[in-house]
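*Asks:* One structure follows; several queries about it will come next.
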Amino acid sequence: MNSSVIVFPGSNCDRDIAVALEKMQFKNKLVWHKDTNLPKSDLIVIPGGFSYGDYLRSGAIAAKSKIINEVIKAANEGCLVLGVCNGFQILIETGLLKGALLRNKNLKFINKDVSLKVNSINNKFCKKYKLGQIIKLNIAHNEGNYFTNKDHLKELEDNNLIAFKYCDEKGFINQNSNPNGSVNNIAGIFNKNKNILGMMPHPERMIEKSVSGDDGISLFSSLLN
Amino acid sequence: MKFSVTVTLKKDVLDPQGKVVQQTLQNMGMKTLKDLRQGKYFEVDINENDEKLAKDKVDEMCKKLLANLIIEDFKISKL
Chain L
283 MNSSVIVFPG
293 SNCDRDIAVA
303 LEKMQFKNKL
313 VWHKDTNLPK
323 SDLIVIPGGF
333 SYGDYLRSGA
343 IAAKSKIINE
353 VIKAANEGCL
363 VLGVCNGFQI
373 LIETGLLKGA
383 LLRNKNLKFI
393 NKDVSLKVNS
403 INNKFCKKYK
413 LGQIIKLNIA
423 HNEGNYFTNK
433 DHLKELEDNN
443 LIAFKYCDEK
453 GFINQNSNPN
463 GSVNNIAGIF
473 NKNKNILGMM
483 PHPERMIEKS
493 VSGDDGISLF
503 SSLLN
Chain V
187 MKFSVTVTLK
197 KDVLDPQGKV
207 VQQTLQNMGM
217 KTLKDLRQGK
227 YFEVDINEND
237 EKLAKDKVDE
247 MCKKLLANLI
257 IEDFKISKL
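Chains as they are written, first to last, in my numbering: chain L, 283 to 507; chain V, 187 to 265.
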C-alpha cells in the first residue's frame with residue numbers, strides 16, 4: 283500500500299503518522315503543501331498540528347492550498363483519506379466532510395487519553411476493531427467540538443457514518459464522557475462513501491504498548507487490504 | 187474602495203467566548219447588558235471603482251474563505 287502524508291507549515295504530527303504507517307509496512311511519502319503532484323497513493327493522510335498557526339479558522343488556510351485540489355480530486359475518485367485532528371479540521375474546511383469543529387465547550391486546550399467506542403466497523407478504516415469495542419486514544423485539541431445540523435446528524439446516525447464516540451471506561455456515552463461538547467459525543471465521522479475518515483483522536487500516538495498503548499494499530503492494519 | 191466585514195457565529199451556534207465576556211461584564215456591574223456575541227473584523231480594500239462590483243467581490247471573499255457559512259454569518263459595510 284502506498285500512502286502520502288501531506289505536510290503544511292505548522293503540521294506537527296506528520297512524522298508520528300509516517301512512523302506508524304511505515305511500522306505497518308506502508309510505503310509512505312511526505313508531500314509538501316506547495317507540490318502540485320500527488321504521488322500515486324492508496325491512502326492520503328492529513329496529519330495533526332497547527333497548519334498556518336490556526337489563522338482565520340483551524341484548517342481554513344490549508345484547505346485552500348495547492349496540493350488540496352489534488353487531494354479533493356483523489357478523494358472524489360475513491361482514494362482513502364484519513365484526517366486526524368487538524369487534518370479533520372482541514373477536511374471539514376474543504377467540504378469533503380460536512381459539519382464544523384467549534385472551540386471546545388470549556389474553552390480549554392484538552393490533551394488527555396480518552397475512551398472511545400467503535401461505532402462502525404463496516405468500512406475500510408475500522409474493520410479490525412469489534413463493534414462496540416472500547417479503545418483508548420489521545421486527544422490534543424482546542425477546536426474539536428463537532429457540530430452539524432439536525433438533518434445531517436440524522437444522516438450520520440442512520441447510515442452508520444459515525445466512526446467513534448467519546449465514552450467513559452465502561453462504555454457509557456453521556457455528557458460526563460464528552461470532553462469537548464461534540465454533538466452526540468462524536469469523535470470521528472465518515473463521508474457518505476466511507477472512503478474519507480476525519481477524527482479528532484490520534485491513532486498514531488497509540489502504536490506501541492510499552493510507550494503509550496496500541497489501540498491505534500487496528501486502524502492502520504484495517505487499511506492494509 | 188474600502189469595506190468592513192464582520193463575521194460572527196450564527197445565533198443558534200454556541201459562542202463560548204462571547205458568553206464568558208458577557209458574564210465578566212455582568213460581574214463587573216454592567217446590569218443592562220442583555221446579550222453579547224464575539225466575532226471577527228476585516229478591513230478590505232478593493233481595486234475597483236464600481237461599488238456594486240466591489241461589493242460583489244467582497245461577498246465572494248466572504249463566502250469562499252472569510253466566513254464558514256455552516257456556523258457563521260457575515261456583514262459587509264462600505265467604509
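Here a beta-carbon is modelled for each residue, glycine too, at the ideal position from N, C-alpha and C.
Run the CB neighbour count on residue 391(L), radius 10 Å, all protein chains shown included, and call it buried at 16 or more, exposed below.
*Replies:* exposed
*Asks:* Distance, Cα to Cα, residue 293(L) vs residue 355(L)?
*Replies:* Residue 293(L) and residue 355(L): Cα-Cα distance of roughly 22 Å.
*Asks:* Compare the Cα-Cα distances from residue 201(V) to each of 235(V), 236(V), 223(V) and report the closest residue.
*Replies:* 223(V)
*Asks:* Assuming residue 283(L) and residue 503(L) are in contact, meaning their beta carbons sit under 8 Å apart, how far apart are those beta carbons, in whole angstroms?
*Replies:* In fact, because the Cβ distance is near 11 Å, the residues do not count as touching under 8 Å.
*Asks:* Quick check: is the beta carbon of residue 257(V) nearer than 8 Å to any beta carbon in chain L?
*Replies:* yes
*Asks:* Just to confirm, is the Cβ distance from residue 262(V) to residue 248(V) under 8 Å?
*Replies:* yes
*Asks:* So which of 395(L), 427(L), 429(L) has the shortest CA-CA distance to residue 418(L)?
*Replies:* Considering only alpha carbons, the answer is 395(L).
*Asks:* In this structure, does DSSP put residue 295(L) in helix, strand or coil?
*Replies:* coil
*Asks:* Should residue 447(L) go down as buried or exposed, given a rule of 16 or more other Cβ atoms within 10 Å for buried?
*Replies:* buried
*Asks:* So what does residue 419(L) bridge to, in DSSP terms?
*Replies:* 396(L)
*Asks:* Closer than 8 Å, CB to CB, is residue 297(L) near chain V or not?
*Replies:* No, because no Cβ of chain V sits closer than 8 Å to the Cβ of residue 297(L).
*Asks:* Alpha carbons only, please: which of 245(V), 231(V), 218(V) is nearest the one belonging to residue 265(V)?
*Replies:* Comparing alpha-carbon positions, the option among 245(V), 231(V), 218(V) lying closest to residue 265(V) turns out to be 231(V).
*Asks:* Based on the DSSP secondary-structure assignment, which residues constitute the bridge partners of residue 284(L)?
*Replies:* 309(L)
*Asks:* Start and end of the alpha helix (DSSP H) containing residue 432(L)?
*Replies:* 432-440
*Asks:* According to DSSP, simplified to helix, strand and coil, what is residue 492(L)?
*Replies:* coil
*Asks:* So that I know if they touch, is there some Cβ in chain V lying closer than 8 Å to that of residue 332(L)?
*Replies:* Answer no: the Cβ-Cβ gap between residue 332(L) and chain V never drops below 8 Å.
*Asks:* Counting only Cβ pairs nearer than 8 Å, list the residues of chain V close to residue 389(L).
*Replies:* At a beta-carbon threshold of 8 Å, the residues of chain V lying near residue 389(L) are 202, 203, 206, ordered along the chain.
*Asks:* Report the partner residues of residue 501(L) according to the DSSP bridge assignment.
*Replies:* In the DSSP output, where bridge partners are listed per residue, residue 501(L) has none listed.
*Asks:* Would residue 251(V) pass as an interface residue toward chain L - the criterion being a Cβ-Cβ separation below 8 Å?
*Replies:* Contact of residue 251(V) with chain L is assigned, a C-beta pair being separated by under 8 Å.
*Asks:* Would you say residue 254(V) reaches chain L, if we count a Cβ-Cβ gap shorter than 8 Å as a contact?
*Replies:* Chain L, which has a Cβ nearer than 8 Å to the Cβ of residue 254(V), makes this yes.
*Asks:* Check the DSSP bridge columns for residue 425(L) and list the partner residues they point to.
*Replies:* DSSP lists no partner for residue 425(L).
*Asks:* Can you tell me whether residue 237(V) is buried or exposed, with buried defined as 16 or more other CB within 10 angstroms of its CB?
*Replies:* exposed
*Asks:* Closer than 8 Å, CB to CB, is residue 413(L) near chain V or not?
*Replies:* It does not; no Cβ of chain V falls within 8 Å.
*Asks:* Let's see if you can read the secondary structure: which residues bound the alpha helix (DSSP H) around residue 237(V)?
*Replies:* 237-247
*Asks:* Considering only the alpha carbon of each residue, which of 452(L), 291(L), 377(L) lies closest to residue 414(L)?
*Replies:* 452(L)
*Asks:* What residue does the beta strand (DSSP E) around residue 327(L) start on, and which one ends it?
*Replies:* 325-328
*Asks:* Counting only Cβ pairs nearer than 8 Å, list the residues of chain V close to residue 344(L).
*Replies:* Going along chain V, no residue has its Cβ under 8 Å from residue 344(L), so there is no contact; the nearest lies around 12 Å.
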